[in-house]
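K.L.:
Residue numbers (the numbering used here): 25 to 189.
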């Protein structure tokens, strides 16, 4: 599988249908989903169908990518830039299995995605959104160089919007 981005400890590649078990299990953890507004997949088949139909890479040159540990090829989670046509914007997002939290993987992968988006895809602005209570994700957005822009309604919760400088 082609590596899109390679960092010191990680590589990022396109998500594919064979990732369905990881994707399903990642979204089963209520702590992982706590600040996302997403619901868990109902079953493995729903996860597999989602990934089978996930095709932003050719259309936009980016999307959410699998984050893999270079040492052992472990699937740590996902990170990437997503284009939302209705908002005409690119946003950075990331989600990791809890056992990988606090180890710098979100910052390392998200920073590389921002650099890839700006340098390779020539994206002028990338945004990051988080619920105001999600201090860890806000800290990642700040560490990767995004700046606070505004508060907003995040599915009935207080949210913050960050943007590239």
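No residue lacks a Cβ here, since even glycine has one placed at the ideal position from N, Cα and C.
1. Between the C-alpha atoms of residue 36 and residue 130, what's the straight-line distance to the nearest angstrom?
2. Quick one: is residue 188 buried, meaning 16 or more other Cβ sit within 10 Å of its Cβ, or exposed?
3. Could you say which of 38, 181, 179, 123 lies nearest to residue 49 if we only look at CA atoms?
4. With burial defined as no fewer than 16 other Cβ atoms inside 10 Å of the residue's Cβ, what is the status of residue 158: buried or exposed?
5. Measuring straight from C-alpha to C-alpha, what distance separates residue 136 and residue 32?
6. I need the straight-line Cα distance from residue 141 to residue 147, nearest angstrom please.
7. Kindly give me the distance between the Cβ atoms of residue 89 and residue 103, rounded to whole angstroms, as I take these residues to be in contact under 8 Å.
8. Between residue 184 and residue 175, is the Cβ-Cβ spacing less than 7 Å?
9. With DSSP collapsed to three states, give me the class of residue 163.
P.N.:
In short, the structure shows the following:
1. 12 Å
2. buried
3. 123
4. buried
5. 10 Å
6. 6 Å
7. 6 Å
8. yes
9. helix
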